Structure formats: structure tokens, C-alpha cells
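All remarks here apply to the structure that follows.
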Amino acid sequence: ITQQMNQIKSEQQEKTELIQNLAHDLKTPLASIISYSEGLRDGIITKDHEIKESYDILIKQANRLSTLFDDMTHIITLNTGKTYPPELIQLDQLLVSILQPYEQRIKHENRTLEVNFCSEIDAFYQYRTPLERILTNLLDNALKFSNVGSRIDIN
Numbered sequence: 001i002t003q004q005m006n007q008i009k010s011e012q013q014e015k016t017e018l019i020q021n022l023a024h025d026l027k028t029p030l031a032s033i034i035s036y037s038e039g040l041r042d043g044i045i046t047k048d049h050e051i052k053e054s055y056d057i058l059i060k061q062a063n064r065l066s067t068l069f070d071d072m073t074h075i076i077t078l079n080t081g082k083t084y085p086p087e088l089i090q091l092d093q094l095l096v097s098i099l100q101p102y103e104q105r106i107k108h109e110n111r112t113l114e115v116n117f118c119s120e121i122d123a124f125y126q127y128r129t130p131l132e133r134i135l136t137n138l139l140d141n142a143l144k145f146s147n148v149g150s151r152i153d154i155n
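Reminder that position 132 of the sequence shown reads as 132 in the UniProt record's numbering, one-by-one numbering, no gaps.
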């Protein structure tokens, strides 16, 4: 009985940590949605192509929020056996799609972002959502723990 109780406690703690991590992950797309919405509302984003791009980013980030909510629902409803299907990943394209929502914040905070890709990295199969979450968290932390006006390097 003690062993079962310890196992239950351990599983509950793991679920709690997963939910806390997902809650943290929700902040990034929400911050992008707020930033681009304010930019559109306040007339900061005025060129037609920038407006269209902003709407595309808003839709993408809303979809990302939806995926994260699905993940959270999955965790809350216990392990149902759902897994992410592996997808063919082009790392440069994935990183561009992850960086795009941060453009306004980087400009607003007078930061620079230097990205250097290794051209020898081939496409590979991986679970997209967890990989996006990892890369997004790394970028979030780089922004959080660096100074306004600083340079962030991605190699």
C-alpha cells in the first residue's frame, strides 16, 4: 500500500509539473497576440504587407494557444495514449516560424538577433510540438535574462 501511495504521489507531482510548464508556455503566444494587437490598434503597424503579416502571426499564435490547451486537456484527463506524430522538420524553417512572432518585441526593445545556421543539417523526423516548445522556451529565456538593447545569438 505504501508503494502504491508513493507511486500515486509521484504521478500527481509529475502532472502538476507538466501543467505548470504548459501554463508557462501559454504566456509566449499570448504576449505575441497582445503585442501585435496593440501595434495594429495604436497604428504602429501601418504598411499593408505588415498588417497582413501581423494578422497571419495573430492567427498562428492563436492556433498555438489552441494546441497548448489541447495538450493541457490531455494531461488533465490522464494519459489517454495520445502522442504527437513525427513530422519531417526543416530546422531553418521551424526556427523562422518560431522567431517571427518575436519580431515586434525585439524591435521595440532595441535588440538584435543573429541567426547562423549550419547548412549541413538535413531535414529530420521529430515531434514538432515538443520541439517548438523547447526552442520557444530557450528564446523566451534569452529575452528574459538579457538586457534591453542587447544582442541574442542563435548558432
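The C-beta atom is built at its ideal place from N, Cα and C for all residues, glycine as well.
As the structure is a computational prediction, the values presented were derived from the model and not from experiment.
In the three-state scheme derived from DSSP, where H, G and I count as helix and E and B as strand, D42 is classed as coil. Of the candidates A142, T136, K60, the residue whose Cα lies closest to the Cα of Y36 is K60. DSSP places I106 inside the alpha helix (DSSP H), whose first and last residues are 103-108. Residue nearest to L88 within the set T129, L58, L99, L30 is T129 (criterion: CA-CA distance). Bounds of any alpha helix (DSSP H) do not take in D122, whose DSSP letter is neither H nor E. Ranked by Cα distance from S150, the options L113, S97, C118 are led by L113. Judged by DSSP in its simplified three-state form, P130 adopts helix. Cβ-Cβ separation between E132 and I98: approximately 6 Å, consistent with a contact (criterion under 8 Å).
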